[in-house]
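In this text, residue positions in the sequence shown follow this note's numbering: the first is 20, and each later residue adds one.
These notes are about the structure you will find just below.
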Amino acid sequence: MSKGSSPEKPLGIDTLLAHSGGEPTEREGAVNPPVYRASTFLFPTVAEWEASRKHERRFDVVRYGQLATPTTLAFEQAIAALEGGYRAMLVPSGLAAVTAALQALVKAGDHILVVDTAYVPTRIFCDRILERFGVETTYYNPLIGDAITTLFRPNTRLVFLESPGSMTFEIQDVPAITRAARARGILTLLDNSWATPYFFPAFAHGVDVSILAATKYIGGHSDVMMGTITTTQALYDRIRSEIAELGYCVSSDDAYLALRGLRTLSVRLERHQRNALQVAQWLSRREEVARVTYPALPDAPDHALWKRDFRGASGLFGVELRPVSKAGVDAMLNSLELFGMGASFGGFESLAIPMDPRPYRTATHWSHDGPLIRLHIGLEDPNDLIADLARGFDCMREA
């Protein structure tokens, strides 16, 4: 990747997507890194074996499949280049990336701040696992901005952000929060799965740890489970050691698929955004819809903040319906032919599921009276998706 680049002229993000992940000369000229299905790697001498186990090299040398293979290292290099962080590491899922990073950075007696709109399994981990080990969690309003300083305590160790928020898509003022935290020596972690580094460069906005569910847009094809953690140099060894000690690893097959998906991230995200904007604009004009929670819409509450900090918007958003019976919502969702009903997002396909954030909010109150539907807009023809939703609304009225 370094061929033709220089510190004076850094490569553009699309070029990084196409070329990062090691030099072809390191793999006999192959454009793509091959899949190394291996647990054991052999060393010709005792001296080389012992050198591979030295502390400063233990995560750089391929010596055991659980720690690294040439395939996983190539994907780690590509993610780190995209993120603009020091180094990246791989774990089996997005949730594992969240939990491993949190575990590595806290201890008994610590206090952490977690955004109230975080991914629900993140909350469950804080409330059930971290609490059991003596770590206290306070949930905060995603719109708090630099007023987050009012929640800092002497034992506050980190702030966990997710922007936009899960289910309700509030945009956080990430730069304001990271500045306030850094001034007090408090770390910041961001779940950046919605935007990815392509649309939101976390490290450029002051974040210390960027977390991605690579299952989503990075892989892009709904066929791989993976999480990534990218850090500053100061935090790398601490978190990477935690991952090794927990025994986390990913297969070379999955790393290969994720790296292949990464190559087309830009063109896919641009199509997701274009399709989502067209569908969201159509939905916002429907009489059945109270509000579309898509930050890219000009009338979205956090649109100005999104426009200031983000390069674009992905295909995931919420639709707040006007009050209607559960039978009506069920009839609508059951009638959809192009929207699948399933968890996750970020694949090529469109998805629709009912959501209810009320049981999972403690620092904020979800006051909307009507049902909430989460849509992921895929790569289909948006006119076909609109026609499918229109038929769904017809079924909702009939019910």
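No residue lacks a Cβ here, since even glycine has one placed at the ideal position from N, Cα and C.
It should be emphasised that the depicted structure is a prediction, and the values quoted were computed from it without experimental measurement.
- Relative to Gly246, the option among Ser212, Arg257, Pro216 whose CA is nearest is Ser212.
- Listed in chain order, the beta strand (DSSP E) elements of length 3 or more contained wholly in the segment 142-180 are 155-159.
- Take Asp129, set aside five residues on each side of it, and the residues of its chain with a beta-carbon closer than 6 Å to its own are Val154, Asn174, Arg176, in chain order.
- For Val286, the three-state secondary structure derived from DSSP is helix.
- With at least 16 other beta carbons inside 10 angstroms of its own, Lys235 counts as buried.
- Here Ala232 carries a strand assignment [DSSP, helix/strand/coil].
- In the structure shown, Ile196 falls within a helical segment according to DSSP collapsed to helix, strand and coil.
- Within 10 angstroms of the beta-carbon of Glu356 lie fewer than 16 other beta-carbons, which makes it exposed.
- The alpha-carbon separation between Thr312 and Tyr159 amounts to approximately 20 Å.
- The residue among Met186, Thr91, Gly113 with its C-alpha nearest the C-alpha of Arg106 is Thr91.
- The C-beta separation of Gly239 from Thr283 comes to about 7 Å, placing the pair in contact by the 8 Å criterion.
- Where Pro373 is concerned, the enclosing beta strand (DSSP E) starts and stops at 369-374.
- Inclusion of Val133 and Thr156 in the CB contact set at 7 Å is warranted, their separation being smaller than that value.
- Burial check for Asp413: the Cβ neighbour count within 10 Å stays below 16, so the residue is exposed.
- Here DSSP, grouped into helix, strand and coil, assigns Lys28 to strand.
- The DSSP-derived three-state label of Asp272 is helix.
- In its own chain, leaving out the 5 sequence neighbours on each side, no residue places its CB closer than 6 Å to the CB of Val65.
- Secondary structure note for Arg77: it is in no beta strand (DSSP E), with a DSSP letter that is neither H nor E.
- Judged by DSSP secondary structure, Thr249 falls within the beta strand (DSSP E) whose first and last residues are 246-250.
- Per DSSP, Phe218 has no beta bridge partner at all.
- Under the DSSP assignment, Leu132 falls in the beta strand (DSSP E) whose first and last residues are 130-134.
- The DSSP-derived three-state label of Leu391 is strand.
- For Ala214, same chain residues with a beta-carbon under 7 Å away, outside a window of 5 residues either side, are Phe329, Ser333 in chain order.
- If you draw a straight line from the Cα of Trp325 to the Cα of Asn51, it comes to about 35 Å.
- Contiguous beta strand (DSSP E) elements confined to the segment 279-341 occur at 308-312, 335-340, taking only those with 3 or more residues.
- The beta-bridge partner set that DSSP reports for Leu208 consists of Phe179, Val228.
- Closest option to Cys268, judged by alpha-carbon separation, among Phe179, Arg290, Ala115: Ala115.
- Judged by DSSP in its simplified three-state form, Tyr83 adopts strand.
- Its Cα nearest to that of Met244, the residue Tyr275 stands out among Pro216, Tyr275, Arg257, Ile258.
- Less than 7 Å separates the beta-carbon of Ser58 from that of Gly84.
- Taking every protein chain shown into account, the CB of Arg172 has fewer than 16 other CB atoms within 10 angstroms, so this residue is exposed.
- Here the C-alpha atom of Ala97 lies approximately 50 Å from the C-alpha atom of Ala418.
- In the three-state reduction of the DSSP assignment, Arg106 falls in the strand class, which pools E and B.
- Taking all protein chains in view, the Cβ of Asp272 is surrounded by fewer than 16 other Cβ atoms within 10 Å, so the residue is classified as exposed.
- Straight through space, the alpha carbons of Glu306 and Val110 are spaced by roughly 44 Å.
- Take the alpha-carbon of Gly347 and the one of Ile230: they are about 37 Å apart.
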